[in-house]
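Each residue of the sequence shown is one higher than the last, beginning at 268 in our numbering. Comments concern the structure below.
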Amino acid sequence: MRIGQNPAKFSKTVAKPERITVAVLNYIPTLNGFYSEMLDVLKVSLDSLREATGLPFDLLIFDNGSCDEVLQYLADEKQAGRIQFLMLSEKNLGKGGAWNIMLAGAPGEIIAYADNDVLYYPGWLAKSIEILETFPNVGMVTSRPFRTDVDLYTGTTAWAEQTPGVQIERGNFIPWENFLEFDLSLGKPEEEIRERYETLQDVRLTYHGIQTIVGASHWQFVARKSVLLQFLPFDMNRPMGQVKQLDSRMNEAGLLRLMPVEPLVMNISNSLRGISTPVNQQRGAISGRLILDLPPVKSGLLKFYGKIFRWYFDRDKG
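Rendered as structure tokens:
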């Protein structure tokens with residue numbers, strides 16, 4: 268038997284979500300090994316997000332089965348009003364499974380998606396949305412220029428070559444320092460990075476006075492929700508390694524994939540060491556800690572780490 272009347276019946280208004288939802292996917296299963304600094308990385312990422320965004324937004328975080336310490340941090344942030352929407356998964360659904368839920372559930376008209384290790388620079392969102400709303404038929408805007416797979420932006424270059432009023436240029440338009448900074452964050456050796464820089468080119472477009480670099484990527488992007496819904500659901504049978512489905516399917520649909528000419532975000536990766544001056548730190552003298560980066564030592568330790576990681580996290584595949 269009902270006792271009394273539900274007070275909600277007498278409410279005259281309801282809250283409305285912001286036009287923009289910043290959606291962050293988080294997965295920190297442990298605070299050991301590869302993930303030992305990831306909670307600190309997440310905190311720095313979210314702090315920079317709040318300080319640098321400059322536009323009204325709701326923050327949505329989808330947690331993909333993290334450890335208790337991380338879940339407590341997220342709960343505290345939600346309680347403090349710093350997270351507007353918090354989705355918690357009991358287990359790791361993989362990036363595709365998480366995207367199916369969080370991208371469909373995000374309330375905003377525009378979704379700014381990011382992994383949990385992104386550092387944001389002032390004005391990143393406004394400048395990304397300017398590209399999104401200036402160019403026609405945009406699939407996604409990644410807020411940092413870097414060299415992506417040519418096969419994943421053929422639709423963008425085809426549009427540029429066929430559209431009057433678009434200036435298209437090919438050459439080295441990303442400064443070496445910016446190029447090196449990003450690729451070092453992916454763990455690539457500087458020799459390999461230098462070779463890529465010298466042998467590959469960027470494609471730069473100018474349209475209605477706005478310059479962009481051609482390309483984008485699934486690790487961070489700004490897109491219209493109505494566009495993203497066209498590609499759901501994602502059917503991926505591995506936690507990682509298949510996320511380029513979004514990039515390739517957008518390209519096949521002829522949607523533009525673009526980046527600003529200057530860096531507006533940065534990939535922190537799994538460590539805060541050297542985050543303010545990563546290039547200078549890479550060029551410094553070898554200290555006792557940097558002995559770990561010597562090729563023979565690094566190669567052996569990474570192989571051993573890979574075996575341990577696969578044993579713990581891939582046991583259910585076979």
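Note that CB positions come from ideal geometry on N, CA and C, so glycine has one too. Owing to the predicted nature of the structure, the values given are computational and were not obtained by experimental measurement.
Q: Scan the stretch 463-537 and note each continuous alpha helix (DSSP H) run of 4 residues or more that stays entirely inside, going in chain order.
A: 492-495 and 511-519
Q: Keeping to the same chain, check which residues put their C-beta closer than 6 Å to that of tyrosine 387; ignore five residues upstream and five downstream.
A: Locating residue 387 in the sequence shown gives position 120, counting from the first residue. The residues are Ser315, Leu316, Ala319 and Val532.
Q) Which partner residues does glycine 363 have in the DSSP bridge list? A) For this step, residue 363 is matched to residue 96 along the sequence shown. Per DSSP, none; premise fails for glycine 363.
(Q) Need the endpoints of the beta strand (DSSP E) that leucine 326 sits in, please. (A) Counting from one through the sequence shown, the residue named residue 326 turns up at place 59. Run containing leucine 326: 325-330, per the beta strand (DSSP E) assignment.
**Q.** Start-to-end residues for the beta strand (DSSP E) that takes in phenylalanine 352
**A.** Within the sequence shown, residue 352 is the residue found at index 85, counting from 1. Per DSSP, phenylalanine 352 belongs to the beta strand (DSSP E) from 352-355.
Q | Simplified DSSP state of methionine 268, which is helix, strand or coil | A | For the purposes of this step, residue 268 is identified with residue 1 of the sequence shown, where counting begins at 1. Here methionine 268 sits in coil by DSSP.
Q. By how many angstroms is the C-alpha of leucine 309 removed from the C-alpha of asparagine 383?
A. Numbered from its first residue, the sequence shown carries residue 383 at position 116. Numbered from its first residue, the sequence shown carries residue 309 at position 42. About 6 Å.
**Q.** DSSP state of alanine 319 mapped onto helix, strand, coil
**A.** Reading the sequence shown from its first residue, position 52 is the one you call residue 319. Looking at alanine 319 - three-state DSSP - the assignment turns out to be helix.
Q.
For a quick check, are the C-beta atoms of leucine 292 and phenylalanine 329 less than 8 Å apart?
A. As a working note, residue 292 is residue 25 in the sequence shown. As a working note, residue 329 is residue 62 in the sequence shown. Cβ distance < 8 Å, so leucine 292 and phenylalanine 329 count as in contact.
Q. Taking one C-beta from the stretch 420-436 and one from the stretch 487-497 each time, how about it: are there three or more such pairs within less than 8 Å?
A. no
Q: Sort Gly348, Glu304, Asn367 and Leu327 by Cα distance to glutamate 336 and report the nearest one.
A: Counting from 1 along the sequence shown, the entry for residue 336 is found at position 69. Here the closest residue by C-alpha is Glu304.
**Q.** Span separating the alpha-carbon of proline 527 from that of asparagine 273
**A.** Start at 1 with the first residue of the sequence shown, and residue 527 comes out as number 260. Start at 1 with the first residue of the sequence shown, and residue 273 comes out as number 6. Using only the alpha carbons, I get a separation of about 50 Å.
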